[in-house]
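A.B. asks: Take the sequence shown: its position 29, counted from the start at 1, is 29 in the UniProt record's numbering, and no numbers get skipped.
My questions will all concern the structure given below.
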Amino acid sequence: MPGHDKYRLTYFPAEGRAELIRLIFHAARVPFVDRRITFSDWKDLKPKTPNGSLPVLEIDNQAFDESGAIVMWATRKFGLMGKSDAEELKTTAIIIQANEFRDKYLLPVFLEKDPVKVEGLKSDMAEGLKTLFGRWEPTVIQTESNHFKTFSYMITHSLTAADLAVLYLADLAAKLMDIDWKRFPRLAAVLRTVRAVPMLKEYLTARDGTKARITVHTQTEWKADGERCSVVDG
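Rendered as structure tokens:
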């Protein structure tokens with residue numbers, strides 16, 4: 001894999017804790033290998049990981065884990081943190097809030113087996129999401145391009161990882177509940193802006209169109225222009 005093996009991200013065939021990392025790589029046009037292992041593969045791989053957890057990011061064959069640390073590193077490394085201290089702090093805050101919401105509300109729903117308890121957890125999640133989105137809604141920034149198009153972002157007049165974190169959380173939550181976007185028109189505009197980013201469009205289209213492959217071991221190489229150069233199924 002010459003030219004494409006500096007970064008390799010390993011996770012299960014799901015969005016989970018790895019998806020925000022993937023979005024950052026794609027938005028930044030950074031080539032990487034998106035390795036998705038089956039749960040049966042995990043038994044043999046687990047002892048070989050730094051702390052027995054996924055995702056793992058390999059940088060020149062050196063392995064690192066802790067998704068939060070990887071997200072923050074990639075955000076700074078690839079220039080998606082903002083241009084000032086204030087923008088960096090605001091971007092970091094939204095990333096942390098999105099991940100905290102995922103861990104507090106979303107993961108328990110995915111893991112719970114009792115249908116009655118699931119409904120209760122979903123109700124709590126809906127209230128929590130209403131509060132969080134209500135806090136984010138007034139902060140959205142709108143900007144117009146030379147072509148009189150309006151773009152919406154969370155922190156500044158260009159894309160940051162905060163915008164990707166909003167997309168990440170919204171997509172995860174949408175798997176479990178209907179979101180009334182009429183209540184949050186500015187956030188909905190952010191999602192439209194982010195989904196239209198050329199380097200994300202192909203990935204999001206491929207991701208959302210291949211849900212049936214969740215049990216397949218795949219290793220996908222993504223080039224800097226956002227195109228897949230190969231997909232290897234195991």
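From the three backbone atoms N, C-alpha and C, an ideal C-beta is built for every residue, glycine too.
Assuming residue 35 and residue 8 are in contact, meaning their beta carbons sit under 8 angstroms apart, how far apart are those beta carbons, in whole angstroms?
C.D. replies: With 8 angstroms as the limit, residue 35 and residue 8 qualify as a contact, their Cβ atoms being about 6 angstroms apart.
A.B. asks: Could you tell me which residues DSSP pairs with residue 56 in its beta bridges?
C.D. replies: Partner(s): 10.
A.B. asks: Along the chain, where does the beta strand (DSSP E) that runs through residue 15 open and close?
C.D. replies: Per DSSP, residue 15 belongs to no beta strand (DSSP E) and is neither H nor E.
A.B. asks: Keeping to the same chain, check which residues put their C-beta closer than 7 angstroms to that of residue 46; ignore five residues upstream and five downstream.
C.D. replies: Correct list, in chain order: 52.
A.B. asks: Looking at C-alpha atoms only, which residue of 82, 23, 66 is the closest neighbour of residue 198?
C.D. replies: Per the Cα distances, 23.
A.B. asks: Please work out which residues of its chain come closer than 7 angstroms, Cβ to Cβ, to residue 27, disregarding the five sequence neighbours upstream and downstream, and give them in chain order.
C.D. replies: Hits under 7 angstroms: 80, 159, 164, 197, 199, 200.
A.B. asks: Could you give the first and the last residue of the continuous beta strand (DSSP E) run that contains residue 141?
C.D. replies: Taken as a continuous stretch (DSSP letters only), the beta strand (DSSP E) holding residue 141 covers 141 to 144.
A.B. asks: Compare the Cα-Cα distances from residue 138 to each of 153, 6, 37 and report the closest residue.
C.D. replies: The shortest Cα separation from residue 138 among 153, 6, 37 belongs to 153.
A.B. asks: The beta strand (DSSP E) that contains residue 150, what's its start and end?
C.D. replies: From DSSP, the beta strand (DSSP E) with residue 150 extends over 150 to 153.
A.B. asks: For residue 132 and residue 187, I'd like the C-alpha separation in whole angstroms.
C.D. replies: If I take the Cα positions, the gap works out to 11 angstroms.
A.B. asks: In its own chain, which residues sit with a C-beta less than 8 angstroms from the C-beta of residue 149, not counting the 5 before and 5 after it?
C.D. replies: The answer is none, since no qualifying residue turns up.
A.B. asks: Please go through the same chain and pick out, in chain order, the residues whose beta-carbon is closer than 7 angstroms to the beta-carbon of residue 16, but skip the five residues on each side of it.
C.D. replies: Contacts found: none.
A.B. asks: Below 8 angstroms on the Cβ atoms is my guess for residue 176 versus residue 122; work out the distance and round it to an integer in Å.
C.D. replies: About 6 angstroms; that satisfies the 8 angstroms criterion.
A.B. asks: Does the beta-carbon of residue 67 have 16 or more other beta-carbons within 10 angstroms, so that it is buried, or is it exposed?
C.D. replies: Burial call: buried.
A.B. asks: Anyone know if the C-beta pair for residue 169 and residue 93 falls short of 8 angstroms?
C.D. replies: Contact flag unset, no.
A.B. asks: Let me know if residue 39 comes out buried or exposed under the rule of 16 or more other beta-carbons within 10 Å of its beta-carbon.
C.D. replies: Classification for residue 39: exposed.
A.B. asks: Could you tell me which residues DSSP pairs with residue 63 in its beta bridges?
C.D. replies: BP columns for residue 63 point to 58.
A.B. asks: Can you tell which of 48, 155, 104, 135 has the C-alpha that lies nearest to the C-alpha of residue 141?
C.D. replies: Comparing Cα positions, the closest option is 155.
A.B. asks: Residue 130 to residue 96, Cα distance in whole Å?
C.D. replies: Distance between the alpha carbons of residue 130 and residue 96 is about 17 angstroms.
A.B. asks: Compare the C-alpha of residue 91 against each of 162, 125, 124, 195 and name the closest.
C.D. replies: Among 162, 125, 124, 195, the Cα nearest to that of residue 91 belongs to 162.
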